[in-house]
Structure formats: C-alpha cells, structure tokens
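Notes for the one structure printed next.
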Amino acid sequence: MAKLQAKYGQEKEYLQAVQEVLESIEEVYNQHPEFEKAKIVERLVEPDRIFTFRVTWIDDKGEVQTNLGYRVQFNSAIGPYKGGLRFHKAVTPSMLKFLGFEQTFKNALTTLPMGGAKGGSDFDPVGKSDAEIMRFCQAFMLELWKCIGPDQDIPAGDVGVGGREIGFLYGMYKKLAREYNTGVLTGKGATWGGSILRPEATGFGALYFTQHLLHKAGKDIQGKTVALSGFGNVAWGAATKAKQLGAKVIAISGPDGVCEIPAGITDEMIDYMLVMRASNRNKVEDMAVKFPQLTKFTPGKKSWSVKCDIALPCAFQNELTGDDAKELIANGTWCCCEVSNMGCTPEAIHTFQSNGILFAPGKAVNAGGVATSGLEMTQNASHISWSAQEVDDKLHFIMQSIHEACVKYGTQPDGHIDYVKGANIAGFMKVATAMLEQGII
Ligand code: 2IT
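As numbered in this note's numbering, residues 301 to 741 make up the sequence shown, in order.
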C-alpha cells in the first residue's frame, strides 16, 4: 500500500478499493508463499493496460465538444476482459481503475470465465438530447472499436450507459469493424442479441443475495421496509424484486434529494423510474411531482435519513458514509446490502460491522448483473436465446453460489460471517491461482 500511495497518491478511489482487498486477503496470502514468490499482489493491483482517447462530437447548438474516453483492461487471468462503461462527469482514471479492480474479483465470483475491465468517459449525460447521446456514443466508438472484441473485451452498461446507449454503440461498432458478432457488447436489446432479464439482473440478483443472507441469519424479507438510493437501472430492478418478495420500498433518491413513499412503492412508480432515467434530468423530485399524494420529496437529504429495516445503496461509490451508517443504526436499520460498486465508505462498513449489522459488499451483491452479461455472451456464442425462466434459474443458482463462497471464506472462528472478507478471499483465490498456473507474464 505504501508503494501504491507514493505512486498513485491522487487516485483515492483506486487506493480505497485496493486497501480493502489487501486487508481482507492478508492472512490467506501469508499462508501461500507461492503467491508471494510470484509477486501476485504486485501484479494484480496494476491494470494490464489502459487506453485513453479523445472523443470529439457536435452538440445540438452546433458547437464542438471534446471529452476523454477510457478503457481499462484490468486482468485476463480467468477470461476475456469484461465490464461496463460509465458516462459521468466525474469519471477519471482513478474511478475506472477502482471499478476495473473490483470487477476482476466480482467476475471471479460469478462462476463464469470472465476477466475484469471498465471504461467510460467524463461525458455528462444530464440535460443531453437523444441525438446528442447518439453522436457522443458514435464518436466514442470511433476509438473504442479497436480495443474490443467478443473474445477480447466485452463492454456493457454502467452509470449513464443503458440499453439506449448500448444500441448506439453497437450500431457504430458494426459500421466500423464490419463484424456482426453480437457478443462484442452485452446489455443489448432483446430483439438483437440481448438476454432476457439482463436489464433486471443486477437488482434481481441483489435481492436474491439479500434473501440468502437473511435466511442464513434466520430472518426473512417479507414485510420489511427497504430504503434504496438512486432511481436508475439498478434501483429499478431492486425495487421491482423487493416488492415481488413482499418488502415495502419506502424511499428512493437522486442527487437532488430523497423521495419518501410511506405506503411503499407501486408498480406505476417503478415504471415511472424508467421514464425518469430516459429523460436525462437526473431529478428524483420528478417522482414526487408525478405522484404527489403518495410521496414526500425532501431536497438535499439522502435515503439514509429514512427509518428502515434494510438499506440498499444502488447509486454511486461512497454514497453511504460513516455518519449515514450511524444515522441508519440509530433509526433501527439492521441490514445493509451494498448494490452499488463500493457504495459504502470504509468508515460506514466499519460502523456496520462493529455494530453487528448484517452487511455484504457490492462485488458479491451486485454480481448478478455481470453474471447475466456472461449468460448473454453464452447465448450469443451459441446463436440462441433462453427464456426468462432459464435465465432466472441460472441467475438464482449463481447468486446462491456466490453466497456460499462468501460463507465458505468469510466464516470467522466465532461463527459470524464476514461477507467482505468472504467475497474478497473467494475472488482473490480464483484469480491468484489462475495467474500462478499461467506463469510470469
Ligand atoms: O459493475 C458492473 O458489474 C456492471 N456495470 C456490469 C458489467 C457487465 O459487463 O455487465
């Protein structure tokens, strides 16, 4: 860590993600001198390569705009590079390195053969028209297409990149590459190679994982109150499945504030989340404007100020701080499953764990998204498409496997389960063993 601090002192998110993993694996690592001899950690913390490129496009006013684009190919020990693209104004190499690092371990947990990657741009989708989004995606692909391929690197969506953006990206990829293998991107539309249930998969998988965690602790989700953050694709899937399982979703949020829903979210509200996402306004207040009788909007507040049993961060890294964790606990929250990548700060995780709150980390909880991307790749490679039932069954099996791996590697001498350790050690052992077997490269 000291060496990385000296080298990458400015890259706060990257250092945070690495620190968490290294702390978790320290004991296991020291029991394997062969890892140390092959300098596995020193190799694993550095991405294989980072592509950086300029993306120039023309906005609706006819003005020329320039953004930066990136693809971080982090680790290919267990398969081709796989991970999403994030379009957000705050995107930096540090953010994409943290996400690519996390992705490497997450993908290892899925049971499928996928390496880790992440990419994106500091392009800000907020307030952009559909035409602007299309021109940006096309300009982004002008550079990205040379870096990717169905057996090399397979991007998908992340914050700011959903089905619409994947469509524009894929259209341009075909034009440039004259390759028609749909397996080069995942999260595609259902009529052109997309997997049924991929849009829902991150949220559904997160709730399946939460169910396993609760059952292991002798609890059930039925009738519990759930506060979640965000209103994008992940929050939408999580709200849908939480409601189906009999929980009451009582808060969603946005950068502008929190929208409380005391009687629980309705199907109409869940549908409206998609309209809000497509509008590019990025305001949760729109939900309160649409459903004034059933909701209460409070500007500047987070979902973590709302009294709930279960907290599900579904938006962005470090969105739940130590103070938020204390506020939740004071209000009676007893479970937090991180659905966003690194959604909780180290202080928040420490506060949850030292207060006996059930806590599980994003790389286990949200892995159903990329796992279903893996299932999309399988369907594309065999030129078939599975039914919703088939995909859902496989997603269930994968989330159960991930939970079992966390229990296997995370059960402590006193019997309690440290899900952070469990997920990190399980992912690390798989990647480290593969690296060892493939020699010094
Ligand atoms: O963080 C993630 O796992 C994703 N954004 C999904 C990546 C993927 O390749 O489906």
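Don't be surprised by glycine CBs; every beta carbon is placed ideally from N, CA and C.
Source: prediction; values computed, not measured.
query: Would H512 pass as a contact of H703 if the rule is Cβ separation under 8 Å?
result: yes
field: T486: CB within 7 Å of a non-hydrogen atom of ligand 1
entry: yes
- prompt: Considering P661, what are the terminal residues of the alpha helix (DSSP H) in which it resides?
  reply: P661 -> no alpha helix (DSSP H), and no H or E assigned at all.
C636, enclosing beta strand (DSSP E) - first and last residue: 635-637
task: Would you kindly work out how many angstroms separate the C-alpha atoms of K548 and G739, rounded to a whole number?
output: 51 Å
- prompt: So, helix, strand or coil for G369, using DSSP?
  reply: strand
message: Checking 8 Å against the spacing of the C-beta atoms, do T525 and D609 come in under that value?
response: yes
message: Would V461 and L385 be called neighbours here (beta carbons separated by less than 8 Å)?
response: yes
- request: Look up Y381 in the DSSP assignment and give the residues it is bridged to.
  value: G415, D453
query: Taking one C-beta from the region 613-623 and one from the region 635-643 each time, how about it: are there three or more such pairs within less than 8 Å?
result: yes
field: Cα-Cα separation between A506 and K663, rounded to whole angstroms
entry: 10 Å
task: Have a look at V670, I550, H683 and flag the residue whose alpha-carbon is nearest the alpha-carbon of E500.
output: V670
field: Contact belief for K418 with Q403 at Cβ below 8 Å, rounded distance in angstroms
entry: 6 Å
query: Can the beta-carbon of E627 be found closer than 8 Å to that of S605?
result: yes
message: Just list the residues that DSSP pairs L574 with in beta bridges.
response: None; L574 has no bridge partner.
- prompt: Would you say the beta carbon of N481 comes nearer than 7 Å to a heavy atom of ligand 1?
  reply: no
task: Use the C-beta contact count for E326: other C-beta atoms within 10 angstroms, 16 or more gives buried, fewer gives exposed.
output: exposed
message: Rounded to the nearest angstrom, what separates G355 and I433 at their Cα positions?
response: Note that residue 355 corresponds to Val in the displayed sequence, not to Gly. In a straight line, the C-alpha of V355 is about 13 Å away from that of I433.
- prompt: Do I561 and W536 have their C-beta atoms within less than 8 Å of each other?
  reply: no
field: Cβ-Cβ distance between A517 and A734 below 8 Å
entry: no
field: Residue nearest to T510 in terms of C-alpha spacing, selected from S394, L344, N666, R577
entry: N666
message: Please return the same chain residues whose Cβ sits closer than 7 Å to the Cβ of L658, not counting the five positions on each side in sequence.
response: L513, A517, W634, C635
message: To the nearest angstrom, how far is the alpha carbon of G557 from that of L399?
response: 25 Å
Within 8 Å, strictly: CB atoms of C437 and R371: no
message: ligand 1 and N618: does the residue's C-beta get closer than 7 Å to at least one heavy atom of that ligand?
response: no
task: Work out the CA separation of E568 and L594 for me, nearest whole Å.
output: 12 Å
task: Within the same chain, show all residues whose beta-carbon is closer than 6 Å to that of F351, passing over the 5 residues directly before and after it, in chain order.
output: R371, C447
- request: Taking 8 Å as the cut-off, decide whether the C-beta atoms of T486 and S673 are in contact.
  value: yes
task: Please state if the CB of A538 and the CB of V639 are separated by a distance shorter than 8 Å.
output: yes
task: Any chance you could list the beta strand (DSSP E) runs of at least 3 consecutive residues sitting entirely within the region 489-540, in chain order?
output: 525-528
query: Does ligand 1 have even one heavy atom less than 7 Å from the beta-carbon of D718?
result: no
message: Alpha carbons only, please: which of G494, D451, V426, G632 is nearest the one belonging to G467?
response: G494
query: Just curious, the beta strand (DSSP E) that T356 is in, first and last residue?
result: 349-358
- prompt: What is the rounded straight-line gap between the Cα of D422 and the Cα of F531?
  reply: 21 Å
field: CA nearest to the CA of Y458, picked from R498, L442, L695
entry: Reading off the sequence, residue 458 comes out as Asp, not Tyr. With distances taken between Cα atoms, D458 lies closest to R498.
- request: Would you mind sorting T491 into buried or exposed? The rule is 16 or more other CB atoms within 10 Å of its CB.
  value: exposed
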